[in-house]
Amino acid sequence: MFEEIHQNFSSWCSQVVRLHRNQRMVELEWTVGPIPLADSRGKEIISRFDTPLKTDGLFYTDSNGREILQRRRDYRPTWHFNQTEPVAGNYYPVNTRIFIRDGKFQLSVLTDRSQGGSSIEDGSLELMVRVLLPSSSSSN
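In this note's numbering, the protein residues as written are 812 to 951.
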């Protein structure tokens, strides 16, 4: 048994939240599209989870579903990293899972497809649901 919450963000973007009884999980089902491009502006649709966790810039992603890699926001372990893209520069591939944790709690998100993911702020996790950008090529 579960309870369902339907959220409509626009005519082309909605989400169903399922709360399963006696389970410590939430199921999210997104419906996105068709994405309007009449305004010639790109759209990046994300799912963000904000928590009070004190994560100190750390988050974790899987590596092709085989191992877990620790990620630190605005940092690369093998070279001096000059951050010029604070959002895109902190996105990593997520094939099966991404999580944040502190000394007491952990928030894990298991994905059903490969996505990009990040923790742009402490206590926050986000996954790229869909990207649609207008073509940068033009005919002259």
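For each residue, glycine too, the CB sits at the ideal point set by N, CA and C.
The structure presented is a predicted model; accordingly, all values stated were derived computationally and were not measured.
- Taking all protein chains shown into account, residue 901 has 16 or more neighbouring C-beta atoms within 10 Å of its C-beta and is therefore buried.
- The Cβ atoms of residue 824 and residue 856 sit closer than 8 angstroms to each other.
- Taking the CA atoms as reference points, residue 908 sits about 9 angstroms from residue 925.
- Between residue 911 and residue 864, the beta carbon gap of about 6 angstroms places them in contact (Cβ cut-off 8 angstroms).
- The three-state secondary structure of residue 901, taken from DSSP, is helix.
- Taking C-alpha positions only, residue 853 is separated from residue 866 by approximately 31 angstroms.
- For residue 872, the enclosing beta strand (DSSP E) starts and ends at 869-874.
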